[in-house]
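Asker:
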Amino acid sequence: MSDQRCRPHVLIMSEITVDGKLTLKRGASSKRLMKFMDPETELLLHNTRASYDAIMVGSHTIQIDNSYLTVRLVEGKSPIRVIPTSMGNIPMDANVLGDDAPTVIAVSAQTPEERIAALREKGVDVVVAGDEQVNLTLLMRILVEEYGVKRLMVEGGPTLNYSMLKAGLVDEIRLIHLPYIVGGEDTPSLVGGMHIESEDEMFRLSLSKHYMCGSNLVTEYEIL
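This note's numbering runs 863 ahead of the 1-based position in the sequence shown.
1. Within 10 angstroms of the Cβ of residue 953, are there 16 or more other Cβ atoms? Answer buried if so, exposed if not.
2. For residue 916, count neighbouring Cβ atoms within 10 angstroms of its own Cβ and tell me buried if that reaches 16, exposed if not.
3. Can the beta-carbon of residue 879 be found less than 7 Å from the beta-carbon of residue 1053?
4. Express the C-alpha separation of residue 1006 and residue 943 in angstroms, rounding to a whole number.
5. Using the Cα positions of residue 1094 and residue 925, report the straight-line distance between them to the nearest angstrom.
6. So does the segment 1055 to 1069 actually touch the segment 953 to 964, counting three or more Cβ pairs closer than 8 Å?
7. Take the Cβ of residue 1087 as the centre, count every other Cβ of all protein chains shown within 10 Å, and call the residue buried at 16 or more, exposed below.
8. Measure the alpha-carbon distance for residue 900 versus residue 1039 and round it to whole angstroms.
9. Using 8 Å as the cut-off, can you tell me whether the segment 985 to 996 makes contact with the segment 961 to 970, which would need three or more C-beta pairs spanning the two stretches below that distance?
10. Secondary structure at residue 876, three-state DSSP: helix, strand or coil?
11. If you run the structure through DSSP and keep just helix, strand and coil, what is residue 895?
12. Reducing DSSP to helix, strand and coil, say where residue 1080 ends up.
13. Is residue 1047 closer than 7 Å to residue 894 when the C-beta atoms are compared?
14. By a C-beta neighbour count over all protein chains shown, 10 Å radius and 16 as the cutoff for buried, is residue 1051 buried or exposed?
15. Compare the Cα-Cα distances from residue 939 to each of 945, 963 and 921 and report the closest residue.
16. Which residues in the same chain have their Cβ closer than 7 Å to the Cβ of residue 882, if we skip the five residues on either side of it in sequence?
17. What span of residues does the beta strand (DSSP E) with residue 982 cover, start to end?
18. Can we say the segment 1015 to 1035 touches the segment 905 to 920, given the rule of at least three CB pairs closer than 8 Å?
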């Protein structure tokens, strides 16, 4: 594997409303929208998890959703859970700290030692991947070299999605379209953090597939 590709194949998968929102409002759990997914689409989500080596979300998503990130609705092995958090800010009662699947917490060198020790006492791996904040490119290399991760699924919020795209670490995007409009100027959308000045700064995609999954439209894109 060349240095340029010393990272997993990365898929961002997310449910979004017609107007591209991830939640009902800022600070609300995405689970409140996910309950409107068709049962067939829920199976698609869990089948996708089962086909990937690792699954990644940001610490903010963990704090709001307290997700398990496991395979439950289909047969299959749960992927390694990967949580980047520059200061190790994971609630000590978070479900991802359970023993139902392996978990890797990626922190920066600024994380207090006692915080790292407390997380390790929960039985999870803690890796330092960056000086002041988590370096996602370095984290991808660690996942490949130390954990054998070849395929990584991202179920992140707007900040993690943007950071992965900006770093050039994303290969595909799969969207589950929910037939609702939420609105709201500050309601989280698929990608945050962007304040572009010209069309040259846009991320370019190519539609590779579209199909109905139950009552939900699913679209799949390749990153150009």
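For each residue, glycine too, the CB sits at the ideal point set by N, CA and C.
Answerer: Looking at the atomic coordinates:
1. Position 90 of the sequence shown holds residue 953. It is buried - the Cβ of residue 953 has at least 16 other Cβ atoms within 10 Å.
2. Residue numbering aside, residue 916 sits at position 53 when the sequence shown is read from its first letter. It is buried - the Cβ of residue 916 has at least 16 other Cβ atoms within 10 Å.
3. As a first step, residue 879 must be located in the sequence shown, where it is residue number 16. As a first step, residue 1053 must be located in the sequence shown, where it is residue number 190. Their beta carbons are under 7 Å apart, which means residue 879 touches residue 1053 by this criterion.
4. Taking the sequence shown and counting its residues from 1, one reaches residue 943 at position 80. Taking the sequence shown and counting its residues from 1, one reaches residue 1006 at position 143. Their backbone Cα atoms lie some 10 Å apart in a straight line.
5. In this structure the chain extends from 864 to 1087, so residue 1094 is not present and cannot be described.
6. no
7. Indexing the sequence shown from 1 puts residue 1087 at position 224. With fewer than 16 other Cβ atoms within 10 Å, it is exposed.
8. Position 37 of the sequence shown, counted from the start, is the residue given in the question as residue 900. Position 176 of the sequence shown, counted from the start, is the residue given in the question as residue 1039. Approximately 8 Å between the Cα atoms of the pair.
9. yes
10. Within the sequence shown, residue 876 is the residue found at index 13, counting from 1. Here residue 876 sits in strand by DSSP.
11. Within the sequence shown, numbered from 1, the residue matching residue 895 stands at position 32. Helix, per DSSP.
12. For the purposes of this step, residue 1080 is taken as the residue at position 217 of the sequence shown. Strand at residue 1080.
13. Taking the first residue of the sequence shown as position 1, residue 894 is located at position 31. Taking the first residue of the sequence shown as position 1, residue 1047 is located at position 184. Going by C-beta atoms, residue 894 is not nearer than 7 Å to residue 1047.
14. Working through the sequence shown from its first residue, we reach residue 1051 at position 188. The residue in question, residue 1051, is buried, as its Cβ has 16 or more Cβ neighbours within 10 Å.
15. Locating residue 939 in the sequence shown gives position 76, counting from the first residue. The shortest Cα separation from residue 939 among 945, 963 and 921 belongs to 963.
16. Looking up residue 882 in the sequence shown gives position 19. 1044, 1045 and 1046, listed in sequence order.
17. Against the sequence shown, residue 982 aligns to sequence position 119. Here residue 982 belongs to no beta strand (DSSP E); instead the alpha helix (DSSP H) covers 976 to 984.
18. yes
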